[in-house]
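The structure under discussion appears below in the form of structure tokens.
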Amino acid sequence: MFGTGVFHFEGAWCQVTTDVQSILDFGAKSRSELHPLSRAKQSKSTAKSIDLGEVGQGLASEVCASAGGPKLPCTSDFLRFEFDTAPELHPMSSIRQPVQTGTLQATVALTALSSAVVTEAKDWRDEALLVPHECIRWWNANLLEILADFEPVKRPTSAWKTKVLMDFMDNYYVPCVHHHHRSEEEIYNPGILEKCKSMGVADPFTKVKKDHETLVSLLDKVVTFRKPIESGDAKAVEEFKTAMKEMIKFMEEHLAEEEQDYPKIFADCQLTQEEEGVLLNKILEGLGLDGSKKFLPPIMYAMVLWRGKDKMMEWEAKLPGPTRMLNSNCWLNDFHENQLRVLEALKKEEAFEPHPPSCNLCSVM
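full-length UniProt numbering numbers the first residue of the sequence shown as 1 and each following residue consecutively.
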């Protein structure tokens, strides 16, 4: 999945919103003229090529063979778009001006960091942990707002919220947060520790390891409340809300400590950006296709909020070609339906049921 790729993308970027009523459909059905697949094989005089490498070519061919609809060439030409002349083709360009309300107004304001310790990302050392952390804090802010009015037992008209919220927790939030902390324990921190040892720096991760064990335990606890709540246990609802708030509070403190400590650790052991990038690539490989579908779009979404459109696009351009193709044509649709729309619907009373977007590319997953 994450093979070698050479990418180039330049163009405008529309700002994002947490008000999904103003978000246009990303899919090919309603925006077929803007869907990236509809502009395959652009004129060679204006187009930029994407070198997928051998691994990428294989995945691109597999995707093409699995996708229904028009037959398109399954070579690097398949992914040749007019990046310079048609920036509106970017699949997230349909997201509109932000409209922040409630808790989110203070916690995820446009181009503002929600970190408690980093007020401005000065260099890659600050940004390294902010990429996943700002996404997690965006999730947490939404969940806290939802929990404030989560009464599926006392208020039967909102009983639908149990399934929708728990499905989001089980399918998106918990797996992604689990993977983040597990990857730090199994890949990121061991790689940094190896560099520390080579530079004569003592192990800086003793407390971090204990915190991760606590976080995993708290995450495992919150998912156990689903059945009691579904059975109508009002006490379980209150216990669930308390457990969620305690878990989020502990997690927020942990994220802040990491953002304060890691830049110093990087400096002490003289870890380079390139060395950190190698560890990051291993983490991305560990996500796999399904994990990338769930974690990559909200990371990009949150990144526009705190880092700005241009920096986000620079970051996205470094992703492998097949990953960008799947993200553009499949994963963003899933994010829109099963994360953005879900989180907004849970703040309201009108019953909502997400409908998985139809996507032939998903067949490769």
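All C-beta atoms in this analysis are idealised placements derived from N, C-alpha and C, irrespective of residue type, glycine included.
Backbone secondary structure at residue i - three-state DSSP
{"i": "Thr119", "result": "coil"}
{"i": "Asp211", "result": "helix"}
{"i": "Glu285", "result": "helix"}
{"i": "Ser114", "result": "coil"}
{"i": "Ser231", "result": "coil"}
{"i": "Ala236", "result": "helix"}
{"i": "Gly200", "result": "coil"}
{"i": "Glu350", "result": "coil"}
{"i": "Glu62", "result": "At Glu62 the pLDDT is 45, less than 50, meaning the model places this residue with poor confidence; the figure from the coordinates comes in the next sentence. If DSSP states are grouped into helix, strand and coil, Glu62 belongs with the helices."}
{"i": "residue 367", "result": "Not covered by the structure: residue 367. The range shown for the chain is 1 to 365."}
{"i": "Lys311", "result": "helix"}
{"i": "Lys163", "result": "helix"}
{"i": "Leu271", "result": "coil"}
{"i": "Val153", "result": "coil"}
{"i": "Leu130", "result": "helix"}
{"i": "Phe335", "result": "helix"}
{"i": "Pro356", "result": "coil"}
{"i": "Pro320", "result": "coil"}
{"i": "Ala148", "result": "coil"}
{"i": "residue 449", "result": "This structure does not reach residue 449, given that the chain is present from 1 up to 365, and the question cannot be answered."}
Member of the options whose CA lies at the smallest distance from the CA of residue i
{"i": "Glu344", "options": "Asp149, Trp124, Val216, Met300", "result": "Asp149"}
{"i": "Tyr262", "options": "Leu215, Val304, Leu193", "result": "Leu193"}
{"i": "Trp124", "options": "Gly321, Phe266, Pro357, Met313", "result": "Phe266"}
{"i": "Ala351", "options": "Leu165, Trp139, Ala317, Glu274", "result": "Leu165"}
{"i": "Leu296", "options": "Glu274, Cys330, Lys264", "result": "Cys330"}
{"i": "Pro163", "options": "Met303, Val223, Ile187, Asn281", "result": "The identity of residue 163 in the sequence shown is Lys, whereas the question assumes Pro. The shortest C-alpha separation from Lys163 is found at Val223."}
{"i": "Arg155", "options": "Asp233, Phe225, Glu253, Asn142", "result": "Asp233"}
{"i": "Phe335", "options": "Gly321, His254, Ile299", "result": "Ile299"}
{"i": "Asn281", "options": "Val118, Ala128, Thr119", "result": "Ala128"}
Inter-residue Cα distance where the pair is residue i and residue j
{"i": "Lys221", "j": "Ser231", "result": "18 Å"}
{"i": "Val216", "j": "His178", "result": "7 Å"}
{"i": "Leu319", "j": "Val153", "result": "44 Å"}
{"i": "Glu213", "j": "Asn327", "result": "31 Å"}
{"i": "Leu130", "j": "Lys294", "result": "18 Å"}
{"i": "Glu151", "j": "Val237", "result": "7 Å"}
{"i": "Thr206", "j": "Ser198", "result": "18 Å"}
{"i": "Trp139", "j": "Tyr172", "result": "10 Å"}
{"i": "Thr242", "j": "Phe250", "result": "12 Å"}
{"i": "Trp160", "j": "Val342", "result": "12 Å"}
{"i": "Asp170", "j": "Asn338", "result": "12 Å"}
{"i": "Lys245", "j": "Leu144", "result": "7 Å"}
{"i": "Leu218", "j": "Asp203", "result": "25 Å"}
{"i": "Leu340", "j": "Tyr301", "result": "10 Å"}
{"i": "Glu353", "j": "Phe225", "result": "20 Å"}
{"i": "Ala121", "j": "Lys264", "result": "14 Å"}
{"i": "Leu305", "j": "Cys196", "result": "33 Å"}
{"i": "Gly321", "j": "Glu253", "result": "36 Å"}
{"i": "Ala317", "j": "Lys235", "result": "48 Å"}
{"i": "Phe168", "j": "Glu259", "result": "27 Å"}
{"i": "Thr119", "j": "Ile146", "result": "26 Å"}
Neighbour-count burial assignment, residue i, 16 or more Cβ in a 10 Å radius
{"i": "Thr272", "result": "exposed"}
{"i": "His355", "result": "exposed"}
{"i": "Leu346", "result": "buried"}
{"i": "Gly288", "result": "exposed"}
{"i": "Gly277", "result": "exposed"}
{"i": "Arg324", "result": "buried"}
{"i": "Asp126", "result": "buried"}
{"i": "Asp211", "result": "buried"}
{"i": "Lys209", "result": "exposed"}
{"i": "Arg307", "result": "buried"}
{"i": "Glu274", "result": "exposed"}
{"i": "Ala141", "result": "buried"}
{"i": "Ala112", "result": "exposed"}
{"i": "Glu186", "result": "exposed"}
Residues near residue i in its chain [Cβ-Cβ closer than 7 Å; skip 5 each side]
{"i": "Val201", "result": "Asp268, Cys269"}
{"i": "Glu349", "result": "Thr157, Ser158"}
{"i": "Ser183", "result": "Ile283, Gly286"}
{"i": "His181", "result": "His212, Leu215, Val216"}
{"i": "Lys227", "result": "none"}
{"i": "Glu239", "result": "Phe225"}
{"i": "Met247", "result": "Leu218, Leu219, Val222"}
Close-in-space but distant-in-sequence residues of the same chain around residue i (CB under 8 Å, 5 per side omitted)
{"i": "Pro175", "result": "Gly291, Lys294"}
{"i": "Met303", "result": "Val131, Glu134, Cys135, Lys311, Met312, Trp315"}
Cutoff 6 Å; reference residue i; Cβ partners in own chain excluding five residues on either side
{"i": "Gly191", "result": "Leu279"}
{"i": "Arg137", "result": "Ser114"}
{"i": "Ala116", "result": "Ala256"}
{"i": "Tyr188", "result": "Leu279"}
Residue i beta carbon near the ligand COA (any heavy atom closer than 6 Å)
{"i": "Glu184", "result": "The ligand COA is absent from the structure shown, which contains no ligands of any kind."}
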